[in-house]
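Numbering (full-length UniProt numbering), first residue to last: 1 to 507. Ideal Cβ positions, reconstructed from N, Cα and C, are used throughout, including at glycine. Below is one structure, written out as structure tokens, with a few remarks after it.
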Amino acid sequence: MNFQFKEKIMTFNQVIIVLMLTPFVLPWSRCSFLVYSQEWSWRGGDESADQLAKQNQPGGRSGSSVWGQSQNGNVLIFGGSGFSDLSTDKPHLLNDVWLFSLKTSNFELHHAGTLTSISTTDTLQQIVPEGRKHAAMCGFKDVVYVFGGISTSRDSLSDLWSYNLNLKTWSKLLDNISHNSSAPSARGHSAVWCYKSSMYIFGGINDKTVFNDMWSFNLLTMEWKELYRMTHSSETVETDGNTYPMMRNGAATWVSDDTFYMFGGNTYSEFSYVLQQNIGLTSDLWKYNPGSNTWQLVHGPALPGQHSVLNDIGTTVSSNIPGSRMGAASWVDSKGHLWLFGGAGLDVSPITSYHSTKLLADVWRFHIGAQGWAFMGGSKVGDIVGMYKSLNEQKHTSYPGARTEVMAWKGLHDVFYVLGGLGHDGKGYDGHLNDLWSVDCSNTVSMEHLITPQSLFLFVGLGTTTLFLVMAIMLCTRRRWDGTGTDSKVLQGHNYNLLKNGDIDEI
1 MNFQFKEKIM TFNQVIIVLM LTPFVLPWSR CSFLVYSQEW SWRGGDESAD
51 QLAKQNQPGG RSGSSVWGQS QNGNVLIFGG SGFSDLSTDK PHLLNDVWLF
101 SLKTSNFELH HAGTLTSIST TDTLQQIVPE GRKHAAMCGF KDVVYVFGGI
151 STSRDSLSDL WSYNLNLKTW SKLLDNISHN SSAPSARGHS AVWCYKSSMY
201 IFGGINDKTV FNDMWSFNLL TMEWKELYRM THSSETVETD GNTYPMMRNG
251 AATWVSDDTF YMFGGNTYSE FSYVLQQNIG LTSDLWKYNP GSNTWQLVHG
301 PALPGQHSVL NDIGTTVSSN IPGSRMGAAS WVDSKGHLWL FGGAGLDVSP
351 ITSYHSTKLL ADVWRFHIGA QGWAFMGGSK VGDIVGMYKS LNEQKHTSYP
401 GARTEVMAWK GLHDVFYVLG GLGHDGKGYD GHLNDLWSVD CSNTVSMEHL
451 ITPQSLFLFV GLGTTTLFLV MAIMLCTRRR WDGTGTDSKV LQGHNYNLLK
501 NGDIDEI
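This is the structure in structure tokens:
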């Protein structure tokens, strides 16, 4: 029988060359996808996923609602999917309230909710919203308002609640809303902007539909107002000279200089993290003027399915585009620029017919003046695990792993915080995270090819060891490969001819 092998076979000399080059390539293999521009600081929480809540630390969670503009300098975190202090094998929907102090950088359990072992008789008798994730939430003074969200089995909610931070009590507002006021249908995962004394929402999703309508809720009069609704919501629409975004959920949002911005999101009603689909994920950046009630496409393709395009680190280039994604963290720096971190979507890898998404850990900045994106660091490719070094120290060797459905808020000056999410922990396992990270966006360093004592030791050690190994192999090997011969161990006595083009014909 004749067998024809089409794959290349490495010669002995090629093997030696590979062994000799290995120590020179291996230490820098991580530099091919890890770029350090923003140094992260691990501030607390665990490096392992699915942790239970403690007295001063929320448990692993994702999809919580965040409001960070209270008068006392506190950040409020409500609900989400994850773990309370109850020992359970699976995450559940939460309805607890946590406060994070910007002054002390400490968490406080402000309201235990009903899914905890420390609920008192008083809290159990109180009326509280049911557990949920992806609710819309804004506040005015020390009262926070929560609308909708996603309940069990993707059931969406349409209820409206207020929470008084001073009294630590919930109130259901359905009966308090003006009877003449219409209201948005049940939904969750909407794009949300907290602006002055109003809450604005765009889109969202329920169990069957992705929306593209837009509403505002006046926190003083407690009245809803529908700003617009498009009938053809599956694509970008132009009407009367105005352009409107297509339907979506899970978009990143910002408010900068009295202008609303929205990036990415999902437009596919059957999207599933489990199936790792990128069908419907977008990478377009829009801005909305609340005064004129008009939208404008600022940057990026209007159609879904764009992988990341990046040039030099820290350089604003018009051709740069963050990959399509949803569930990313977002914040605005002191200069009004827009920052983006993580999410679930597409990295720099070319798109394949498999339509697979990855969890991301890249950092981007959109320069308002230059109207372009800059890749600011993190990982160029998705699905990396986090590196947890010393607490409360800015280090290039510490960074959060890839994740989505992240909670983020602004701290003092240009320091921003990222909490938890759904992603990869420090040990390579997936789950709900409770780690807290901070990044100072005013402190930019370039370390794309950083030489550390550890990498230098690895470089020299591997190089020396490999050279000794190569010398030992050459001394022990006497037989030369001259193009023909018999290798009983590999080919079991069959003859082969080594051809000039490297292919092998076995006779």
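Under 8 Å Cβ to Cβ from residue i, same chain only, skipping five residues before and after it: list those, please.
{"i": "Gly428", "result": "Val385"}
{"i": "Ser255", "result": "It should be pointed out that residue 255 corresponds to Val in this sequence rather than to Ser. For Val255, where only same-chain residues beyond five positions count, the Cβ hits under 8 Å are Trp193, Cys194, Tyr195, Tyr261, Val332."}
{"i": "Glu47", "result": "Gly386, Tyr388, Asp425, Gly426, Lys427, Asp435"}
{"i": "Gly73", "result": "Ser101, Leu102, Lys103"}
{"i": "Ile127", "result": "Trp170, Ser171, Lys172"}
{"i": "Asn293", "result": "Leu227, Tyr228"}
{"i": "Ile351", "result": "Asn278, Gly305, His307"}
With DSSP as the reference, label residue i as helix, strand or coil.
{"i": "Leu52", "result": "coil"}
{"i": "Leu219", "result": "coil"}
{"i": "Leu450", "result": "Any reading at Leu450 must be qualified, since the residue scores a pLDDT of 42, below 50, and its modelled position is unreliable; no value is offered."}
{"i": "Leu412", "result": "coil"}
{"i": "Thr152", "result": "helix"}
{"i": "Leu303", "result": "coil"}
{"i": "Leu346", "result": "coil"}
{"i": "Cys31", "result": "Unreliable placement is indicated for Cys31, whose pLDDT of 41 sits below 50; no coordinate value is reported for it."}
{"i": "Leu340", "result": "strand"}
{"i": "Leu391", "result": "coil"}
{"i": "Val15", "result": "The pLDDT assigned to Val15 is 46, lower than 50, so where the model puts this residue is not dependable, and the model offers no usable value."}
{"i": "Leu297", "result": "strand"}
{"i": "Leu310", "result": "coil"}
{"i": "Gly483", "result": "For Gly483, the pLDDT reaches just 41, beneath the cut-off of 50, and the residue's location in the model is therefore unreliable, leaving the point undetermined."}
{"i": "Pro400", "result": "coil"}
Using C-beta distances below 6 Å, list every residue in its chain close to residue i, excluding the 5 sequence neighbours before and after it, in chain order.
{"i": "His337", "result": "Arg365, His367, Ile368"}
{"i": "Gly382", "result": "Asp347, Lys358, Leu359, Leu360, Ala402"}
{"i": "Asp159", "result": "none"}
{"i": "Asn166", "result": "Asp142"}
{"i": "Val415", "result": "Ser438, Asp440"}
{"i": "Ser117", "result": "Asp85, Leu86"}
{"i": "Met214", "result": "Phe202, Leu227, Tyr228"}
{"i": "Arg61", "result": "Gly80, Gly82, Gly420, His432"}
{"i": "Leu26", "result": "Unreliable placement is indicated for Leu26, whose pLDDT of 43 sits below 50; the coordinate value is still reported in the next sentence. If we look at Leu26 and ignore the five residues flanking it on each side, it has no Cβ neighbours."}
{"i": "Glu270", "result": "none"}
{"i": "Ser398", "result": "Trp40, Trp42, Met387, Lys389"}
{"i": "Phe140", "result": "Ser197, Leu219"}
{"i": "Trp339", "result": "Trp331, Arg365"}
{"i": "Gln276", "result": "Ser356, Thr357"}
{"i": "Ser162", "result": "Val143, Tyr145, Ser171, Leu173"}
So who's on the other strand from residue i, going by DSSP bridges?
{"i": "Met247", "result": "DSSP, once it has assigned bridges, lists no residue as partnering Met247."}
{"i": "Asn164", "result": "Val143, Thr169"}
{"i": "Tyr261", "result": "Trp254, Lys287"}
{"i": "Asp159", "result": "Answer by DSSP bridge pairing: none, since Asp159 is not bridged."}
{"i": "Cys138", "result": "Tyr145"}
{"i": "Val381", "result": "The partner list for Val381 (beta bridge, DSSP) is empty, contrary to what the question assumes."}
{"i": "Arg229", "result": "BP columns for Arg229 are empty, so no partner."}
{"i": "Ile321", "result": "Val309"}
{"i": "Asn278", "result": "None, per the DSSP bridge assignment."}
{"i": "Leu433", "result": "Gly421"}
{"i": "Lys358", "result": "Gly345"}
{"i": "Asp440", "result": "Val415"}
{"i": "Lys133", "result": "Ile150"}
{"i": "Ala329", "result": "Phe341"}
{"i": "Tyr72", "result": "For clarity, residue 72 is Asn in the given sequence; the question names Tyr instead. Answer by DSSP bridge pairing: none, since Asn72 is not bridged."}
{"i": "Ser65", "result": "Phe78"}
{"i": "Gly59", "result": "Paired residues: none, contrary to the question."}
Leaving aside the five residues before and after residue i along the sequence, list all residues of the same chain whose C-beta is less than 7 Å from its C-beta, in chain order.
{"i": "Ser324", "result": "Gly264, Asn278, Leu281, Thr282, Ser283, Pro304, Gly305, Gln306, Gly345, Leu346"}
{"i": "Glu393", "result": "Ser41"}
{"i": "Ala329", "result": "Phe341, Gly342, Val406, Ala408, Val418"}
{"i": "Ser198", "result": "Ser216, Phe217, Asn218, Leu219"}
{"i": "Leu174", "result": "Asp159, Leu160"}
Original post:
What are the uninterrupted segments assigned as alpha helix (DSSP H) that are 4 or more residues long and contained completely in the region 74 to 126, given in chain order?
Top reply: Segments of the alpha helix (DSSP H) lying fully in the region 74 to 126: 121 to 125.
Original post:
Per the contact definition of three or more C-beta pairs closer than 8 Å, is the region 164 to 171 in contact with the region 201 to 209?
Top reply: no
Subject >> Those runs of the beta strand (DSSP E) which lie wholly inside the region 184 to 215 and span at least 3 residues >> reply: Secondary structure remark: continuous beta strand (DSSP E) runs of at least 3 residues inside the region 184 to 215, in chain order: 191 to 195, 198 to 205.
Original post:
Would the region 295 to 315 and the region 374 to 394 be scored as touching if the rule is three or more Cβ pairs under 8 Å?
Top reply: Flag = yes, the region 295 to 315 and the region 374 to 394 touch.
Original post:
On the three-pair Cβ rule with 8 Å, is the region 296 to 304 touching the region 267 to 284?
Top reply: In this structure the region 296 to 304 touches the region 267 to 284; the number of beta carbon pairs closer than 8 Å is three or more.
Original post:
Does the region 218 to 232 touch the region 185 to 192, meaning 3 or more C-beta pairs lie closer than 8 Å?
Top reply: no
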